[in-house]
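S.K.: Have a look at this one.
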Amino acid sequence: MLSFIGFMLFLMPFSLFNMWWLVHSLLFLMMFMYFFMFSDLFNFVNISYFLGCDFISYGMILLSIWICGLMIMASEYLYNVNYYYNLFIFFVLMLLLLLYFSFSSMNLILFYLFFESSLIPTMLLIFGWGYQPERLQAGMYFLFYTLFSSLPMLLSILYFYSCYCSLSFFLIFNFNYCYFLFYLCMIFSFLVKMPMFMVHLWLPKAHVEAPVSGSMILAGVLLKLGGYGLFRVFSMLVFSGFIYNYIWVSISLLGGLYISMVCIRQSDLKSLIAYSSVVHMGLVLSGIMTFNFWGMIGAYFLMLAHGLCSSGLFCLSNIAYDRLGSRSLLIIKGLISLMPSMSLWWFLLVAYNMAAPPSLNLMGEIMLFNSLVSWSIINTMIFIIMSFFSAVYSLYMYSYSQHGMIFSGGFSFNNCFLREYLLVFLHWFPLNLLIFCSSFMII
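Listed below in structure tokens is the structure:
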């Protein structure tokens, strides 16, 4: 575990000396080393007193390394124009290091520290490499939503420590009191991070103003920090959860249904993908809150699948933005005539976004359907309508962007590069590969 931390620390000097190609290659090498080294674990592998890796953190760390490698590949434009590219890679590596610490911490206060620290490099990416002047407002939304929700969590952690004198994940089991205020303060920061409906307004703003790399890491990994945190803290909130969880299941399902209708009204491509993330994370949240095995595993699968699929869609929207200079669906039209080969990848990722087989999204949604229906039969109709509207807004996004008349204001732009095809393929391929591992992952 510590060897990988050393690996990342030694990559940072390379990033400052214009050796981005070496950093990029070594990130993928590190991912494969991590994959094979910890592939047979079912419980915590305890390499030190404060770091460890179990089944949940294993997938999240692999996803973090994979997405960070793809972020560097997607941001070649910064290298071509020489816009502080070395500093950009340094921030990407710093964010990866903080995410690695967050997912491998075995102490609640350390997890809180790294969970909040990941905010800093993300904000710097939005402020430094965002597209519009409004990125300052988006960064402020992101900052204040996160900080407002995190202070009550810190107070709850300190209160828990005063009662039990330990914050180790091994020892925080079944806090026997059902104080609603303690329960709310402990999980509210994770609900904002996911984000849950009603505290989701920071997400579309942050996505629209962030560079492609910021959108990739935000949709791919940072939203999953909220779900991962809920997995960890619910071991001590079981008693309260059985009493109060119906509140969050109701809000996330009805909110997801409402947001899926909002998606159909969007004309901004990145905003549409961002709102679809709120719908998917609403399903994840409701699955975790049911407190049964199918719900937990289904939520875990959907987090992994959404991290890859949503990140790939942001890459595709950026490829179109680089050519046409706009994210509006009124301008991004007829791409099947301009980039016919890329239209196939649009269709594949859009189909996976609406949980078409053989994707990991489908596996996760089937499990969540079983979980939610067994929890309450009323959820059946809501889930069916949500799935229908997911297909509607996904096909709306595909048909509006690929078909129709070509925008007459576009002029003289090149076709897609091999790098961009490889980038989208590396998002799509693991979604197919992981479903073959699903029987192993359920065990």
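Note that the sequence shown covers residues 1 to 443 in full-length UniProt numbering.
Every residue gets a Cβ at the ideal spot worked out from N, C-alpha and C, and that includes glycine.
Roughly how many whole angstroms lie between the Cα atoms of M60 and V221?
M.R.: Taking the straight line from one Cα to the other gives about 8 Å.
S.K.: Relative to the C-alpha of M71, which candidate in G6, P211, L302 has its C-alpha closest?
M.R.: For M71, the nearest C-alpha among the options comes from P211.
S.K.: According to the neighbour-count rule (16 or more other Cβ atoms, all chains shown, within 10 Å of its Cβ), is L294 buried or exposed?
M.R.: According to the sequence shown, residue 294 is Trp rather than Leu. Burial call: buried.
S.K.: Assess contact between the region 309 to 320 and the region 343 to 359, defined as three or more Cβ pairs (one per stretch) separated by less than 8 Å. Is contact present?
M.R.: These segments touch.
S.K.: How is G130 classed by DSSP in three states: helix, strand or coil?
M.R.: Coil, per DSSP.
S.K.: Any chance the region 184 to 191 sits against the region 79 to 88, with 3 or more Cβ pairs inside 8 Å?
M.R.: Judged by Cβ distances under 8 Å, the region 184 to 191 makes no contact with the region 79 to 88, as fewer than three pairs qualify.
S.K.: In this structure, how does DSSP classify V348 when only helix, strand and coil are distinguished?
M.R.: It is worth fixing the name first, because residue 348 is Leu in this sequence and not Val. Three-state result, L348: helix.
S.K.: Under the DSSP definition of a beta bridge, which residues are partnered with D268?
M.R.: In DSSP, D268 forms a bridge with S328.
S.K.: Alpha carbon to alpha carbon, how far is S149 from S341?
M.R.: Answer to the nearest angstrom: the Cα atoms are 44 Å apart.
S.K.: Quick one, are the C-beta atoms of S105 and F50 less than 8 Å apart?
M.R.: Going by C-beta atoms, S105 is nearer than 8 Å to F50.
S.K.: In terms of residue numbering, what span does the alpha helix (DSSP H) encompassing H24 cover?
M.R.: 20 to 37 is the extent of the alpha helix (DSSP H) around H24.
S.K.: Counting C-beta neighbours from all protein chains within 10 Å, is the total for Y84 16 or more, i.e. buried, or is it exposed?
M.R.: With fewer than 16 Cβ atoms within 10 Å of its Cβ, Y84 is classed as exposed.
S.K.: When the Cα atoms are used, what is the spatial distance from G130 to L124?
M.R.: Spanning the two alpha carbons is a distance of roughly 9 Å.
S.K.: What residues match up with N107 in a beta bridge as DSSP calls it?
M.R.: Per DSSP, S168.
S.K.: Three-state secondary structure (DSSP) at S359?
M.R.: Note: S359 maps to coil in three-state DSSP.
S.K.: Which one of W248, G229, L272 has the shortest CA to CA distance from V199?
M.R.: Comparing Cα positions, the closest option is W248.
S.K.: Taking only runs that begin and end inside the region 263 to 307, name each unbroken alpha helix (DSSP H) of 4 or more residues, in chain order.
M.R.: Counting only runs of 4 or more, we get 269 to 289.
S.K.: Are the beta-carbon atoms of S252 and S286 separated by less than 8 Å?
M.R.: A contact, by the Cβ cut-off of 8 Å.
S.K.: Whose CA, out of F55, V279, L154, lies closest to the CA of I297?
M.R.: Out of F55, V279, L154, F55 has the C-alpha closest to the C-alpha of I297.
S.K.: Could you work out which residue in I126, P133, L237, S267 is closest to G139 when comparing CA atoms only?
M.R.: Closest by alpha carbon: I126.
S.K.: Would you grab the beta carbon distance between V279 and S260 for me? Rounded to a whole angstrom, and I think it's under 8 Å.
M.R.: About 5 Å; that satisfies the 8 Å criterion.
S.K.: Could you check the C-alpha separation between C204 and S390 for me, to the nearest Å?
M.R.: The amino acid at residue 204 is misidentified as Cys; the sequence shows Pro. Answer to the nearest angstrom: the Cα atoms are 17 Å apart.
S.K.: Thinking C-alpha only, which one of I385, H207, L433 is nearest L304?
M.R.: Minimum Cα distance to L304 is reached at L433.
S.K.: Applying the 10 Å Cβ sphere with the 16-neighbour rule, what's the burial state of G255?
M.R.: Counting Cβ neighbours within 10 Å, G255 comes out buried, since at least 16 surround it.
S.K.: Tell me which same chain residues have a C-beta within less than 6 Å of the C-beta of A355, skipping the five on either side of it?
M.R.: The answer, listed in chain order, is N361, L362, E365.
S.K.: To the nearest angstrom, report how far apart Y100 and F90 are at their CA atoms.
M.R.: Those two C-alpha atoms are separated by around 15 Å.
S.K.: Can you tell me where the alpha helix (DSSP H) with residue 444 in it begins and where it stops?
M.R.: Look at the range of the chain in this structure, 1 to 443, and you will see that residue 444 is not part of it.
S.K.: Roughly how many angstroms separate the alpha carbons of S25 and L2, rounded to a whole number?
M.R.: Each residue's alpha carbon lies about 20 Å from the other.
S.K.: Mapping the DSSP letters down to three states, classify S75 as helix, strand or coil.
M.R.: Three-state DSSP puts S75 in coil, outside helix and strand.
S.K.: Check whether the Cβ atoms of L11 and L93 lie closer than 8 Å to each other.
M.R.: In contact: L11 and L93 (Cβ atoms closer than 8 Å).
S.K.: Where do the N-terminal and C-terminal ends of the alpha helix (DSSP H) with V392 fall, by residue?
M.R.: 379 to 402 is the span of the alpha helix (DSSP H), which, as asked, contains V392.
S.K.: In whole angstroms, give me the CA-to-CA distance for I378 and I243.
M.R.: Between I378 and I243, the C-alpha separation is close to 18 Å.
S.K.: Report the CB separation of G229 from F301 in whole angstroms; it is logged as a contact under 8 Å.
M.R.: Not confirmed; about 18 Å, so no contact.
S.K.: What three-state label does DSSP hand A138 in the structure shown?
M.R.: Note: A138 maps to helix in three-state DSSP.
S.K.: Decide if Y179 is buried, meaning its Cβ has at least 16 other Cβ atoms within 10 Å, or exposed.
M.R.: That one is exposed.
S.K.: Considering only residues of the same chain and omitting the five flanking positions on each side of S102, which have a CB-CB separation below 7 Å?
M.R.: The answer, listed in chain order, is F111, F114, F115, S118, L225.
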